[in-house]
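Okay, so here's the structure we're looking at.
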Amino acid sequence: MCVDKGMVAGHTHAVDSAPVKANASMESLELKVPVNSIRAHLALVADGGPDVKGGDESTVPSITAEPYQLRQLKRYQDRLKDHRTYGIASNHEKTELLSNKTHYSPHDPDARISIKPGKLRKLNYHCSMAVDTAEGVISHIQANYADKRDSQCLPGLVSALQDRFTKNELKVTDIVADAGYSNGYNYHFLEQRDLIGWIPVFGMYKPEIAGFNYDRRADSFTCSAGKLLPVRATEYNSEGKRLKAYWASRKDCKPCPLKSTCCPNTGSRRIVRTAYDNEYHRAYRRQHSTTGKRMKKLRQGTVEPVFGSLTQYYGLNKIAVLGIDGAHKNMVMAAIAFNIKKYMKFSIGRTAQKALQRVKIGLIGAICDHIRVAVPNF
Numbered sequence: 170m171c172v173d174k175g176m177v178a179g180h181t182h183a184v185d186s187a188p189v190k191a192n193a194s195m196e197s198l199e200l201k202v203p204v205n206s207i208r209a210h211l212a213l214v215a216d217g218g219p220d221v222k223g224g225d226e227s228t229v230p231s232i233t234a235e236p237y238q239l240r241q242l243k244r245y246q247d248r249l250k251d252h253r254t255y256g257i258a259s260n261h262e263k264t265e266l267l268s269n270k271t272h273y274s275p276h277d278p279d280a281r282i283s284i285k286p287g288k289l290r291k292l293n294y295h296c297s298m299a300v301d302t303a304e305g306v307i308s309h310i311q312a313n314y315a316d317k318r319d320s321q322c323l324p325g326l327v328s329a330l331q332d333r334f335t336k337n338e339l340k341v342t343d344i345v346a347d348a349g350y351s352n353g354y355n356y357h358f359l360e361q362r363d364l365i366g367w368i369p370v371f372g373m374y375k376p377e378i379a380g381f382n383y384d385r386r387a388d389s390f391t392c393s394a395g396k397l398l399p400v401r402a403t404e405y406n407s408e409g410k411r412l413k414a415y416w417a418s419r420k421d422c423k424p425c426p427l428k429s430t431c432c433p434n435t436g437s438r439r440i441v442r443t444a445y446d447n448e449y450h451r452a453y454r455r456q457h458s459t460t461g462k463r464m465k466k467l468r469q470g471t472v473e474p475v476f477g478s479l480t481q482y483y484g485l486n487k488i489a490v491l492g493i494d495g496a497h498k499n500m501v502m503a504a505i506a507f508n509i510k511k512y513m514k515f516s517i518g519r520t521a522q523k524a525l526q527r528v529k530i531g532l533i534g535a536i537c538d539h540i541r542v543a544v545p546n547f
């Protein structure tokens, strides 16, 4: 309907996400059962041991986290016990000690504990949404588990979005999102699908390393002393992310006068970079361009007001049903109601004026970029 009426341009979409309160309480959380205890119980049932009753153990979730993740969680909780702050994110003294790795809600097992800065820790669902920038029509909405990061939800969202617009004979060209979606795999994924990702890189990314020049063709670094650091290995961190390791020869570093400040505790200088460093670098350049700054304002004025409307006026402040499938249906119904209201209020004359204004802004930005290239000090 919205496409036929000319409300959807289809080329540029702003993406964002927000937690939505689930129909479950933090006070009802229970501990997950260790996997080993379940296996031992099932073994006793299979052997027909005395005083052992068979039953359906599948209703009790088991701990699936890796041992190193549980050790990290324990160290984190121990620090909280020693330095408790009682901040705004904790409305109960034990709230910060609860984790999705060890606890679950028997009332709604699909709900997950999540938190955002300045918000209370609650059982939520993760609502991901794409909005067409032409008239603010919701082009896609979906429910995910709340323990997922924004960046983990982007590939599925973009795939569904492209499939929908291909069926409507429209081409998606640009995806605009905030730094929460910054991820090397996401940049690579968008480029593989012939999409331009206007996603700012996260704050810890450094496009250059002081004192080291990078040769992109040879994929190697050269230090200030002129020694080569070629790529020597591909590694993976604890989260499974692929990394490239560069290091110099010990013969080059041992007699170097800069060794005491460059690599005092190791035999040679070692640099570890993400395997998607080229994709990060291209995203960094887009972020600091005139068009990138304009896209940031476009996203803020497009998708964020839509989320506010859905939570305040369309019943998306809390999910009343149970299960992730019910949460998805709830979000889709809210998006349909929002789009129908826009459809009823749509005016072709007002849209033409907005389109003309966007063309003028785009031309001004293109002219400014051309002048900056022609006149470096402009």
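Heads up: the sequence shown is residues 170 to 547, going by this note's numbering.
Think of the CB as a built atom: it goes at the ideal place given N, C-alpha and C, for glycine as much as any other residue.
For Ala452 and Asp173, the rounded distance between their alpha carbons: For the purposes of this step, residue 173 is identified with residue 4 of the sequence shown, where counting begins at 1. For the purposes of this step, residue 452 is identified with residue 283 of the sequence shown, where counting begins at 1. Their Cα atoms are separated by approximately 34 angstroms.
Identified DSSP bridge partners for Arg468: Taking the sequence shown and counting its residues from 1, the one referred to as residue 468 is at position 299. BP columns for Arg468 are empty, so no partner.
Residue nearest to Ser388 in terms of C-alpha spacing, selected from Pro399, Gln321 and Val184: Translated into the one-based positions of the sequence shown, residue 388 becomes position 219. Checking the sequence shown, residue 388 turns out to be Asp, not Ser. A check of alpha carbon separations from Asp388 across Pro399, Gln321 and Val184 identifies Pro399 as the nearest.
Exposed unless 16 or more other CB atoms sit within 10 angstroms - verdict on Tyr405: As a working note, residue 405 is residue 236 in the sequence shown. By the Cβ neighbour-count rule, Tyr405 is exposed, with fewer than 16 other Cβ atoms within 10 Å of its own.
Sub-9 angstroms separation of Asn293 and Ser283 beta-carbons: Sequence index remark: in the sequence shown, residue 293 carries index 124 (1-based). Sequence index remark: in the sequence shown, residue 283 carries index 114 (1-based). Cβ distance < 9 angstroms, so Asn293 and Ser283 count as in contact.
Collapsed DSSP secondary structure at Asp343 in the structure displayed: Your numbering for residue 343 matches position 174 in the sequence shown. Asp343: strand per DSSP, three-state reduction.
Sequence-distant residues of its chain with Cβ nearer than 7 angstroms to Ser274 (five each side left out): Along the sequence shown, one-based indexing puts residue 274 at 105. Excluding residues up to 5 positions away in sequence, Ala193, Ser197, Leu198, Ala280 and Leu292 lie with their Cβ nearer than 7 angstroms to the Cβ of Ser274 in the same chain.
Assigned exposure category for His182 - 16 Cβ within 10 Å defines buried: For the purposes of this step, residue 182 is identified with residue 13 of the sequence shown, where counting begins at 1. The residue in question, His182, is buried, as its Cβ has 16 or more Cβ neighbours within 10 Å.
The segment 371 to 387 touching the segment 326 to 346, judged by at least three CB pairs closer than 8 angstroms: By the C-beta criterion, the segment 371 to 387 is judged not to be in contact with the segment 326 to 346, since fewer than 3 inter-stretch pairs fall below 8 angstroms.
Gly366 burial status per 10 Å Cβ neighbour count (16 or more: buried): Numbered from 1 along the sequence shown, position 197 holds the residue referred to as residue 366. Buried, because 16 or more other Cβ atoms sit within 10 Å of the Cβ of Gly366.
Ala394 and Cys296 closer than 9 angstroms at C-beta: Along the sequence shown, read from residue 1 onward, the residue named residue 394 stands at position 225. Along the sequence shown, read from residue 1 onward, the residue named residue 296 stands at position 127. No, the pair does not count as a contact, with Cβ atoms beyond the cut-off.
Identified DSSP bridge partners for Pro399: Numbered from its first residue, the sequence shown carries residue 399 at position 230. Answer by DSSP bridge pairing, in chain order: Ser389.
Arg439 versus Ala414: straight-line alpha-carbon distance, rounded: The residue given as residue 439 occupies position 270 in the sequence shown. The residue given as residue 414 occupies position 245 in the sequence shown. Approximately 7 angstroms between the Cα atoms of the pair.
Assigned secondary structure, Gly366 (DSSP; H/G/I helix, E/B strand, else coil): Mapped onto the sequence shown, residue 366 falls at position 197. In the structure shown, Gly366 sits in a strand (DSSP, three-state: E or B).
Distance between Val490 and Cys171 (C-alpha atoms, nearest Å): Sequence index remark: in the sequence shown, residue 171 carries index 2 (1-based). Sequence index remark: in the sequence shown, residue 490 carries index 321 (1-based). About 28 angstroms.
Identity of the residue in Pro376, Cys432 and Arg362 nearest Arg419 by Cα: Locating residue 419 in the sequence shown gives position 250, where the first residue counts as 1. Answer by Cα proximity: Cys432.
Between the CA atoms of Leu412 and Tyr356 - distance to the nearest angstrom: Along the sequence shown, read from residue 1 onward, the residue named residue 356 stands at position 187. Along the sequence shown, read from residue 1 onward, the residue named residue 412 stands at position 243. Looking at the two C-alpha atoms, the distance is approximately 15 angstroms.
Sub-9 angstroms separation of Leu467 and Thr271 beta-carbons: Taking the first residue of the sequence shown as 1, we reach residue 467 at position 298. Taking the first residue of the sequence shown as 1, we reach residue 271 at position 102. In this structure, Thr271 does not lie closer than 9 angstroms to Leu467 by Cβ.
With 16 other Cβ atoms within 10 Å as the buried cut-off, status of Ile344: Position 175 of the sequence shown holds residue 344. That one is buried.
Supposed close pair Asp319, Tyr350 - CB separation, criterion 8 angstroms: If you number the sequence shown from 1, residue 319 lands on position 150. If you number the sequence shown from 1, residue 350 lands on position 181. The pair is a contact, with the Cβ atoms about 5 angstroms apart (cut-off 8 angstroms).
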